[in-house]
Amino acid sequence: MNKHIKVIAPGTVKATAQKEACKECQTSCQSACKTSCTVGNQVCQNR
Amino acid sequence: MHVFKFGGKTLALDPITGTLLEVDDLAGEVLKLWHHLTPAEITAALSDRYSVCDLTEALSEVEELAAAGLLDAIMPPEPVPTDASVGQIKALCLHVAHDCNLRCRYCFAGTGDFGYERTIMDTATGRAAIDFLLRSSGPRRNLEVDFFGGEPLLNFPVVRDIVAYGEEQAAKLGKVIRFTLTTNATLLNDAVIEFLNDKQMAVVLSLDGREAVNDRMRPLADGAGSYSAVSQAVREFVERRSGKNYYVRGTYTAHNLDFATDVMHLYNLGLRELSIEPVVGGAGESYTLTQDHLAALCREYERLADFYLAKRDEGDPFNFFHFNMATYGGPCFGKRVSGCGAGCDYLAVTPAGDLYPCHQFVGQQEFAMGTVFAGVTAPSLVNEFSRANLYRKPECLRCFAKFFCSGGCHAHAYHSNGTILQPDALHCELQKKRIEIALGISAFRSVQ
């Protein structure tokens, strides 16, 4: 750990921007009148 | 960089890469300026409060992270979908019943009828919906059908037929349909439970929490409260599927701004998979949430987070849907940019087989997209929705939470602001608060 900063989670968002989405992952309806998802709690179907 | 506090820690999120850091006050100040000023300018800006030596140290750590690709200020270019992939359907919300045996006061579906006559879907239409999904899904293998309403179990025979038909037809094509069902739990008898468990169907069960809270907003058709029967049915159902593959989902309103107490109530009923959501719509009603409630609601999410962490520390944790967050991993960039997929990947089907972008647009003729028999006959709507990604939403581009939220609900946006490209402001603020807490919880998980 550095003196001022600790990495909790290294980001992977931009690293996946090179590939086209396979679109196999779960639908993430964000309507609060169903059970709204954030995409952040979705799982990649191919991982 | 978005710098915020959670549980006594100072955390920093790089919105572009998704990197999450724990920082001291000095590093937090440096990171706030990092994407906007040069190191020399940052030193000059902060030298009245910190020593040059400390600033140099902190800047060096930040530069190290940037060199490793963990910090970045530049958005990747917008992914352009191929023509062939636009309009390939992945999921359907099947309204098998535009009818309900409850009369929930906040129901966006007009207590089940969506503003039209009370009706149910017939078998032929249900099967046609499956055929439409399979022929419209292109190369996608994993498909989804959500049984919705109204109350879908008012039409259980058709649900059962659609599942059997869907499994059979999908298997012929080497595809899989994942079925889910959202129910008020009033019609969960032995036959239904056995079927849902046998099919391993994910089930969302509606219950708002404390008896008085639930019964104020969720009366039966005869006006009596639903809590007693529903809470008993939910507990029995969860027990009979060994506590797996379900969510109990509540709605909070202006009448229960202390909604964390309702989550605690559900927890004390023995339920461990929980979600509670802000009420939608109802402008001018006494239950409607407004910006005036925002500060209280944010404090309540913090109180809920304290309860969540306390139960985890006691060794009897629960899942709260909005606090689950994959900070390392999670979906790819394309998914994070495109959001829910309503109107392009995902459509709602009425009992008559009419198609709409999602359940919240049902009955609005300007959003009619075709039928399961004729297919999509409004390609302009498909294009409009498929292009409604983060890059078309200026407010989202400025938001730290964009890659965790992906732009919010199109329907809320449209109903609040008249365009699917401008998200509902209150729901944005609530979403940001929940994302901060989810990230904070993940930080505590990593440390321990």
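Line by line, the protein sequences are chains A and B.
All letters in the first sequence, in the order written, are residues 3 to 49 by this note's numbering.
All letters in the second sequence, in the order written, are residues 7 to 454 by this note's numbering.
From the three backbone atoms N, C-alpha and C, an ideal C-beta is built for every residue, glycine too.
Comparing alpha-carbon positions, which option in the options lies nearest residue i?
{"i": "L211/B", "options": "D264/B, I183/B, G155/B", "result": "G155/B"}
{"i": "S422/B", "options": "V286/B, F379/B, F409/B, G340/B", "result": "V286/B"}
{"i": "R470/B", "options": "Y112/B, E35/B, H271/B, A103/B", "result": "A query on residue 470/B cannot be resolved here, the shown segment of chain B reaching from 7 to 454 and no further."}
{"i": "L369/B", "options": "N148/B, R216/B, H101/B", "result": "The sequence given here has Gly at residue 369/B, not Leu. It is H101/B."}
{"i": "V68/B", "options": "C411/B, H418/B, T25/B, A289/B", "result": "T25/B"}
{"i": "A134/B", "options": "E401/B, T356/B, A384/B, E283/B", "result": "T356/B"}
{"i": "Y397/B", "options": "P83/B, L37/B, D31/B, H42/B", "result": "P83/B"}
{"i": "S66/B", "options": "H42/B, L37/B, S91/B", "result": "L37/B"}
{"i": "G229/B", "options": "L108/B, I183/B, D312/B, C99/B", "result": "L108/B"}
{"i": "H4/B", "options": "N325/B, S412/B, A431/B, F201/B", "result": "Lying before the first or after the last residue shown, residue 4/B is absent from chain B, which here runs from 7 to 454."}
{"i": "E70/B", "options": "P45/B, V86/B, M81/B, Q94/B", "result": "P45/B"}
{"i": "L149/B", "options": "A374/B, H433/B, D351/B", "result": "D351/B"}
{"i": "R111/B", "options": "Q371/B, N395/B, T259/B", "result": "T259/B"}
{"i": "A380/B", "options": "F410/B, D312/B, R141/B", "result": "R141/B"}
{"i": "A218/B", "options": "L193/B, L202/B, H261/B", "result": "H261/B"}
{"i": "P429/B", "options": "A449/B, F450/B, E442/B, C405/B", "result": "C405/B"}
{"i": "G180/B", "options": "S143/B, E157/B, R247/B", "result": "S143/B"}
{"i": "H418/B", "options": "F367/B, V151/B, L27/B", "result": "F367/B"}
Distance, Cα to Cα, residue i vs residue j?
{"i": "A170/B", "j": "K205/B", "result": "10 Å"}
{"i": "Q437/B", "j": "D167/B", "result": "38 Å"}
{"i": "A301/B", "j": "V209/B", "result": "32 Å"}
{"i": "G172/B", "j": "V240/B", "result": "27 Å"}
{"i": "W40/B", "j": "A73/B", "result": "13 Å"}
{"i": "D20/B", "j": "T188/B", "result": "36 Å"}
{"i": "K16/A", "j": "R318/B", "result": "32 Å"}
{"i": "M223/B", "j": "T14/A", "result": "42 Å"}
{"i": "V269/B", "j": "D60/B", "result": "44 Å"}
{"i": "R440/B", "j": "Y307/B", "result": "7 Å"}
{"i": "L277/B", "j": "N389/B", "result": "42 Å"}
{"i": "I7/A", "j": "F10/B", "result": "14 Å"}
{"i": "Y293/B", "j": "I447/B", "result": "30 Å"}
{"i": "P364/B", "j": "L32/B", "result": "It is worth fixing the name first, because residue 364/B is Cys in this sequence and not Pro. Whole-angstrom Cα-Cα distance: 46 Å."}
{"i": "C304/B", "j": "L263/B", "result": "10 Å"}
{"i": "V453/B", "j": "I10/A", "result": "In this prediction, V453/B has a pLDDT of 46, which is less than 50 and means its spatial position is unreliable; what the coordinates show is noted afterwards. Roughly 8 Å between the two C-alpha positions."}
{"i": "T131/B", "j": "V164/B", "result": "10 Å"}
{"i": "Q28/A", "j": "A176/B", "result": "17 Å"}
{"i": "R342/B", "j": "P85/B", "result": "11 Å"}
{"i": "P323/B", "j": "D196/B", "result": "29 Å"}
{"i": "A50/B", "j": "T23/B", "result": "27 Å"}
{"i": "V182/B", "j": "S30/A", "result": "18 Å"}
{"i": "E401/B", "j": "C434/B", "result": "10 Å"}
{"i": "Q371/B", "j": "E174/B", "result": "34 Å"}
{"i": "S392/B", "j": "L194/B", "result": "37 Å"}
So who's on the other strand from residue i, going by DSSP bridges?
{"i": "H104/B", "result": "T125/B"}
{"i": "P225/B", "result": "G231/B"}
{"i": "A536/B", "result": "Here chain B comprises residues numbered 7 to 454, so residue 536/B is not present and cannot be evaluated."}
{"i": "E28/B", "result": "K8/A, L17/B"}
{"i": "F326/B", "result": "L280/B"}
Indicate the three-state DSSP secondary structure (helix, strand or coil) for residue i in the structure shown.
{"i": "P21/B", "result": "coil"}
{"i": "F185/B", "result": "strand"}
{"i": "A348/B", "result": "strand"}
{"i": "I10/A", "result": "strand"}
{"i": "T383/B", "result": "coil"}
{"i": "F406/B", "result": "coil"}
{"i": "K5/A", "result": "coil"}
{"i": "G6/B", "result": "Since the displayed chain B opens at 7 and closes at 454, residue 6/B lies outside it and no answer follows."}
{"i": "R111/B", "result": "coil"}
{"i": "G287/B", "result": "coil"}
{"i": "R393/B", "result": "coil"}
{"i": "C31/A", "result": "coil"}
{"i": "A23/A", "result": "coil"}
{"i": "G159/B", "result": "Reading off the sequence shown, one finds Leu at residue 159/B, where the question assumed Gly. Helix, per DSSP."}
{"i": "N190/B", "result": "coil"}
{"i": "I447/B", "result": "helix"}
What are the boundary residues of the beta strand (DSSP E) that includes residue i?
{"i": "P45/B", "result": "Note, P45/B: premise wrong, no beta strand (DSSP E); alpha helix (DSSP H) at 45-52."}
{"i": "D360/B", "result": "360-362"}
{"i": "I282/B", "result": "279-284"}
{"i": "V36/B", "result": "Segment 31-40 is the alpha helix (DSSP H) holding V36/B; no beta strand (DSSP E) there."}
{"i": "S212/B", "result": "208-212"}
{"i": "V254/B", "result": "252-258"}
The alpha helix (DSSP H) spanning residue i covers which residue range?
{"i": "D167/B", "result": "162-178"}
{"i": "D457/B", "result": "Past the edges of chain B, shown from 7 to 454, lies residue 457/B, and the structure says nothing about it."}
{"i": "F201/B", "result": "196-204"}
{"i": "F10/B", "result": "First-last for F10/B: 8-12, but that is the beta strand (DSSP E), not the alpha helix (DSSP H)."}
{"i": "N423/B", "result": "416-423"}
{"i": "T506/B", "result": "There is no way to answer for residue 506/B, as the model of chain B reaches only from 7 to 454."}
{"i": "E306/B", "result": "300-319"}
{"i": "T267/B", "result": "265-274"}
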